[in-house]
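Chemist: In our numbering, the protein residues as written are 10 to 439. We put the beta carbon where it would ideally sit given N, CA and C, even for glycine.
#1: Taking just the CA atoms, how far does residue 174 sit from residue 61?
#2: Just the Cα atoms here: how many angstroms apart are residue 392 and residue 150?
#3: Alpha carbon to alpha carbon, what distance is there between residue 354 and residue 169?
#4: Under the rule that 16 or more other beta-carbon atoms within 10 Å means buried, what is residue 296, buried or exposed?
#5: Is the stretch 249–262 close to the stretch 137–157, with three or more CB pairs under 8 Å?
#6: With a Cβ-Cβ cutoff of 7 Å, do residue 76 and residue 67 count as a contact?
#7: How far does the alpha helix (DSSP H) with residue 115 in it extend, from its first residue to its last?
#8: Does DSSP classify residue 377 as helix, strand or coil?
#9: At the level of alpha carbons, what is the spacing between residue 288 and residue 123?
#10: I want to know whether the stretch 80–88 touches the stretch 198–206 - three or more CB-CB distances under 8 Å.
#11: Using 8 Å for Cβ pairs, my map puts residue 350 next to residue 401. What's the rounded Cβ distance?
#12: Sorted by chain position, which residues of the same chain lie with C-beta nearer than 8 Å to residue 112's C-beta, five sequence neighbours on each side aside?
#13: Could you give the residue range of the alpha helix (DSSP H) that holds residue 198?
#14: Does the distance from the CB of residue 228 to the CB of residue 387 come in under 7 Å?
#15: Taking all protein chains shown into account, decide if residue 394 is buried (16 or more other Cβ within 10 angstroms of its Cβ) or exposed.
#16: If you reduce the DSSP assignment to three classes, tell me which class residue 330 lands in.
#17: Answer yes or no: do residue 300 and residue 346 have a C-beta to C-beta separation smaller than 7 Å?
#18: Just checking my contact of residue 257 with residue 305 at CB under 8 Å: how many whole Å lie between their CB atoms?
#19: So, are the CB atoms of residue 389 and residue 239 less than 7 Å apart?
#20: With 16 as the cutoff for other CB atoms within 10 Å, does residue 132 come out buried or exposed?
#21: Is residue 51 helix, strand or coil by DSSP?
#22: Just the C-alpha distance for residue 376 and residue 236, rounded to the nearest angstrom, thanks.
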């Protein structure tokens with residue numbers, strides 16, 4: 010079954026551009042900071058960046074897709090409004106936990122006894138939740154161009170703030186505070202904080218967000234931990250840099266795909282709601298097949314030409330051997346498929362399986378790295394590919410098992426279907 014895009018080509022293009030601008034802007038923030046303050050001086054901001062990455066994985070992506078899923082399921086925003094107090098409690102609790110960790114280790118982590126660094130950690134965490142909510146509401150209302158603008162402007166605001174700090178000769182702590190400015194982008198869409206729809210009684214949120222957050226964090230570990238693992242295994246600096254460059258280059262399509270997923274959640278949720286769990290069977294099947302074929306094609310092409318591309322982007326002599334490039338390219342292509350399979354789990358409300366699938370995938374990767382022969386970089390690259398293969402297979406299998414156990418008839422997820430017709434989503438297609 011083909012899934013028609015709910016947005017126009019303009020909306021799809023905007024999401025791609027928004028994601029690209031977002032990525033380029035944040036790289037510019039890092040480059041500007043390291044050049045002005047130096048590698049050593051920028052270190053506390055790097056630590057703050059790590060806390061932000063954790064908060065974004067746990068809150069931004071899961072909240073965005075929970076809101077889209079909830080609006081598509083209910084046909085209005087009442088469920089989101091009813092659950093917001095609990096969402097706020099979760100965000101504040103995580104902010105308190107991460108802020109406390111930063112406070113207890115502030116001297117070791119930031120080289121600074123001042124409380125401003127832990128306060129920035131807490132602010133970034135709350136901001137990550139706010140940005141996920143904003144993107145979710147805009148995409149839930151089919152305002153994909155606005156959602157793309159919000160994605161792009163989050164880091165453009167940080168870049169502008171960083172430039173102002175640098176021109177003013179501000180200290181590195183002021184530059185770190187710039188990271189917390191990303192949430193200010195929500196002020197450009199005040200209507201996103203006015204939710205409409207009939208009140209609902211305690212719609213589920215904790216399990217949905219918890220499962221997706223766990224899966225997202227584990228997926229990011231699988232996608233990014235390779236260089237750190239290689240370094241811990243005793244890999245040389247040149248090998249670590251080569252693996253980092255290879256993984257960064259072939260991860261670029263995945264990062265763009267993250268922005269595009271905003272257009273998938275709602276239509277897939279509608280298919281599940283109207284046709285039952287088996288409504289997305291062909292989507293999952295063809296996703297798995299396409300990603301497998303794509304991995305073989307991209308991996309083969311990367312074996313012959315990937316090294317040249319890496320050297321072109323990162324500098325001559327950076328690329329590892331061709332087989333390493335091929336393994337990373339194939340695994341990164343499979344990661345795009347697992348991203349779509351994850352959104353299918355979101356549409357079906359079975360996000361808990363995402364975390365379990367990634368736990369199994371990481372376990373398989375650890376076993377591979379520990380038991381495989383060959384050089385350290387070969388073992389890490391092979392473990393990366395194994396993780397992606399196992400995650401893709403496990404997610405596909407989890408959907409298949411559930412299909413056999415569930416009825417074929419279309420199902421409704423709302424008690425009051427008339428609410429879909431009575432309540433129209435505000436601002437759609439803008």
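Modeler: Let's see:
#1: 20 Å
#2: 40 Å
#3: 37 Å
#4: buried
#5: no
#6: no
#7: 115–119
#8: helix
#9: 55 Å
#10: yes
#11: 7 Å
#12: 124, 127
#13: Note, residue 198: premise wrong, no alpha helix (DSSP H); not H, not E.
#14: no
#15: buried
#16: coil
#17: yes
#18: Wrong, their Cβ atoms sit about 22 Å apart, outside the cutoff.
#19: yes
#20: buried
#21: coil
#22: 17 Å
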